[in-house]
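*Asks:*
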Amino acid sequence: MHPRQRIPYSSPFSRPPLTTHDGTRLIVWPVVNIEEWEIERPMPRHASPPPGGVTGAIPDMPNWTWHEYGMRVGFWRLLDAFEKRSIRPTISINAKVCETCPPVAEAARDAGWEFMAHCWVQMPIHKVEDQPAMIGQSLDTLERFIGHRPRGWLGPGRTQTLETLDHVAAAGCDWFGDWILDDQPLWVRTATKPLVSIPYTVEINDITVMVSGQHESDALLRRASDAFERLYEESAESVRILAFGVHPYVSGVAHRIGYFEKMLDLFAGREGVAFWSGDRICDWFVGQQPLPGAARA
1 MHPRQRIPYS SPFSRPPLTT HDGTRLIVWP VVNIEEWEIE RPMPRHASPP PGGVTGAIPD
61 MPNWTWHEYG MRVGFWRLLD AFEKRSIRPT ISINAKVCET CPPVAEAARD AGWEFMAHCW
121 VQMPIHKVED QPAMIGQSLD TLERFIGHRP RGWLGPGRTQ TLETLDHVAA AGCDWFGDWI
181 LDDQPLWVRT ATKPLVSIPY TVEINDITVM VSGQHESDAL LRRASDAFER LYEESAESVR
241 ILAFGVHPYV SGVAHRIGYF EKMLDLFAGR EGVAFWSGDR ICDWFVGQQP LPGAARA
């Protein structure tokens, strides 16, 4: 189904205003991405040029170990930053991590982080031969691990085919984060039941800023601060969502973690701002915005 068949055009500047019962006007959705990089495949991202100048060399040890640093060191710095501020983020997790790196998955679970399904391993959805089977395997694995079925989905790199959302809905999810086309949640039509689109981010994301953009270590903080001020101003009229996405092998390194902590403090220090989980955002939106006929299957 084409995206324009799933969702009609609208703008937060013309829709009826969204409100909260507790005075929250700007909702911060913190997302930590935990990935499984299979050494038998080409690496999903690169910090180093191809080994020895050989394009496509497998195994790619330089880049595999870059990611592995995040699992062994960077994750624990991020966990500590959230714990000290009593913030429980959403973990966007490749489900295989529960098998290959249980200490990380267990620490997130035990800290009360929300689990959002993020495929089985880190690879584009377009390369998955059987999407329904992979989505089911991912959700089933996470359900066994945390004791309940995750309600949210995020594709690796936000990738989808035209059929992916139908499979996600059929597997039992209530919301997804792949579409970065708004500052508020929206209803989305699928073949079975409607989903809620919660706006994730490509702009306040350490992959975009640090890996793709190669900016200075404080660039994510500066960009987040600018976005925060504008969204806070706009949220006086209607609630806005500010999502940020970080990865342990990027934001959890020694020269960036301090700026990440300052970003959390910036968000936490303003009246009317609150950190919410994806499930809470979804439930709040459903209560605010009745399902329109256009979103029905």
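My numbering applies: residue 1 is where the sequence shown begins, and numbers increase by one. The beta-carbon is built from N, C-alpha and C at its ideal position, and this holds for glycine as well.
Out of curiosity, what's the CA-to-CA distance linking Val-188 and Ile-135?
*Replies:* Position 188 of the sequence shown, counting from 1, holds the residue named residue 188. Position 135 of the sequence shown, counting from 1, holds the residue named residue 135. Approximately 19 angstroms between the Cα atoms of the pair.
*Asks:* Got a sec? Which residues, its chain only, sit under 8 angstroms from Met-116 by beta carbon, not counting five neighbours each side?
*Replies:* Your numbering for residue 116 matches position 116 in the sequence shown. The residues are Val-31, Thr-90, Ile-91, Ser-92, Ile-93, Pro-150, Gly-152, Trp-153, Leu-154, Gly-177 and Gly-278.
*Asks:* How long is the line joining the alpha carbons of Ala-243 and Ile-198, rounded to whole angstroms?
*Replies:* Reading the sequence shown from its first residue, position 243 is the one you call residue 243. Reading the sequence shown from its first residue, position 198 is the one you call residue 198. Cα to Cα, the separation comes out at about 9 angstroms.
*Asks:* List the whole-angstrom C-beta distance separating Thr-257 from Ala-81, where the pair is believed to meet the contact cut-off of C-beta under 8 angstroms.
*Replies:* Translated into positions along the sequence shown, residue 257 becomes position 257. Translated into positions along the sequence shown, residue 81 becomes position 81. Per the sequence presented here, residue 257 reads as Ile, with Thr not at that position. At roughly 7 angstroms, the Cβ-Cβ gap stays under 8 angstroms, so Ile-257 and Ala-81 are in contact.
*Asks:* Among Gly-252, Ala-169, Arg-88 and Ala-224, which has the Cα closest to the Cα of Ala-111?
*Replies:* For this step, residue 111 is matched to residue 111 along the sequence shown. Checked all of Gly-252, Ala-169, Arg-88 and Ala-224; the closest Cα to Ala-111 is Arg-88.
*Asks:* May I ask you to report which of helix, strand or coil DSSP gives Arg-240?
*Replies:* Here residue 240 is taken as the residue at index 240 of the sequence shown, counted from 1. In the structure shown, Arg-240 sits in a strand (DSSP, three-state: E or B).
*Asks:* Expressed to the nearest angstrom, what Euclidean distance is found between the alpha-carbon atoms of Ala-274 and Thr-24?
*Replies:* Start at 1 with the first residue of the sequence shown, and residue 274 comes out as number 274. Start at 1 with the first residue of the sequence shown, and residue 24 comes out as number 24. Distance between the alpha carbons of Ala-274 and Thr-24: 6 angstroms.
*Asks:* Spatial neighbours of Val-286 within its chain, please: C-beta separation below 8 angstroms, excluding the five flanking residues on both sides.
*Replies:* As a working mapping, residue 286 is identified with position 286 in the sequence shown. Here the set comprises Val-196.
*Asks:* How far does the alpha helix (DSSP H) with Phe-13 in it reach, from first residue to last?
*Replies:* Counting from one through the sequence shown, the residue named residue 13 turns up at place 13. The continuous stretches of alpha helix (DSSP H) do not include Phe-13, and DSSP gives it neither H nor E.
*Asks:* Could you name each continuous beta strand (DSSP E) segment of 3 residues or more that falls completely within the segment 209 to 274, going from the start of the chain to the end?
*Replies:* 240 to 246
*Asks:* I think Arg-325 touches Tyr-200, with their Cβ atoms under 8 angstroms apart; what is that distance to the nearest whole Å?
*Replies:* Residue 325 lies beyond the stretch modelled for the chain, which goes from 1 to 297, so this question has no answer here.
*Asks:* Where DSSP assigns a beta bridge to Met-116, which residues make up the other side?
*Replies:* As a first step, residue 116 must be located in the sequence shown, where it is residue number 116. The partner list for Met-116 (beta bridge, DSSP) reads Ser-92.
*Asks:* So what does Trp-29 bridge to, in DSSP terms?
*Replies:* For the purposes of this step, residue 29 is identified with residue 29 of the sequence shown, where counting begins at 1. Per DSSP, the beta bridge partners of Trp-29 are Ala-243.
*Asks:* Helix or strand or just coil, what does DSSP make of Trp-76?
*Replies:* In the sequence shown, residue 76 corresponds to position 76, counting from 1. Note: Trp-76 maps to helix in three-state DSSP.
*Asks:* Please look up how many angstroms separate the CB atoms of Pro-292 and Asp-183, rounded, as I've assumed it's under 8 angstroms.
*Replies:* Within the sequence shown, the letter at position 292 stands for residue 292. Within the sequence shown, the letter at position 183 stands for residue 183. Wrong, their Cβ atoms sit about 19 angstroms apart, outside the cutoff.
*Asks:* Nearest-angstrom Cα distance between Asp-174 and Leu-139?
*Replies:* Along the sequence shown, read from residue 1 onward, the residue named residue 174 stands at position 174. Along the sequence shown, read from residue 1 onward, the residue named residue 139 stands at position 139. Distance between the alpha carbons of Asp-174 and Leu-139 is about 12 angstroms.
*Asks:* Applying the 10 Å Cβ sphere with the 16-neighbour rule, what's the burial state of Ala-171?
*Replies:* Taking the first residue of the sequence shown as position 1, residue 171 is located at position 171. It counts as buried.
*Asks:* So if DSSP puts Ser-197 in a beta bridge, which residue, or which two residues, is it bridged to?
*Replies:* Residue 197 sits at position 197 when you count from the first residue of the sequence shown. Ser-197 pairs with Phe-176 and Leu-186.
*Asks:* Examine the Cβ distances between the segment 7 to 22 and the segment 66 to 84 and report whether three or more of them are shorter than 8 angstroms.
*Replies:* no
*Asks:* Starting from the C-beta of Lys-96, find all residues in its chain whose C-beta is less than 6 angstroms away, skip the five residues before and the five after it, and write them out in chain order.
*Replies:* For the purposes of this step, residue 96 is taken as the residue at position 96 of the sequence shown. In the same chain as Lys-96, and ignoring 5 residues on each side of it, the C-beta atoms closer than 6 angstroms to its own belong to Glu-36, Trp-120 and Val-121, in chain order.
*Asks:* Thinking just about the alpha-carbon of each residue, which of Pro-185, Pro-59 and Lys-127 is nearest to the one in Asp-283?
*Replies:* On the sequence shown, residue 283 is found 283 positions in, with the first residue counted as 1. The residue from Pro-185, Pro-59 and Lys-127 with its alpha-carbon nearest to that of Asp-283 is Pro-185.
*Asks:* Around the Cβ of Ser-86, are there at least 16 other Cβ atoms within 10 angstroms (buried) or fewer (exposed)?
*Replies:* Along the sequence shown, read from residue 1 onward, the residue named residue 86 stands at position 86. Classification for Ser-86: exposed.
*Asks:* Which class does Ile-7 belong to by DSSP, given the choice of helix, strand or coil?
*Replies:* Here residue 7 refers to the residue found at position 7 when the sequence shown is read from its first residue. It is coil, neither helix nor strand.
*Asks:* Given that a residue counts as buried once 16 or more other Cβ atoms are within 10 Å of its Cβ, and exposed if not, what is Val-54?
*Replies:* Here the question's residue 54 lines up with position 54 in the sequence shown. Classification of Val-54: exposed, given that the 10 Å Cβ count is below 16.
*Asks:* Got a sec? Which residues, its chain only, sit under 7 angstroms from Gln-160 by beta carbon, not counting five neighbours each side?
*Replies:* The residue you call residue 160 lines up with position 160 of the sequence shown. Ile-125 and Asp-178, listed in sequence order.
*Asks:* Do His-118 and Asn-33 count as a contact pair if the criterion is CB distance below 8 angstroms?
*Replies:* To locate residue 33, count along the sequence shown from 1; it is residue 33. To locate residue 118, count along the sequence shown from 1; it is residue 118. Cβ atoms of Asn-33 and His-118: closer than 8 angstroms.
*Asks:* Within 10 Å of its beta-carbon, does His-21 have 16 or more other beta-carbons around it, so buried, or fewer, so exposed?
*Replies:* In the sequence shown, counting from the first residue as 1, residue 21 sits at position 21. The residue is exposed, with fewer than 16 neighbouring Cβ atoms inside 10 Å.
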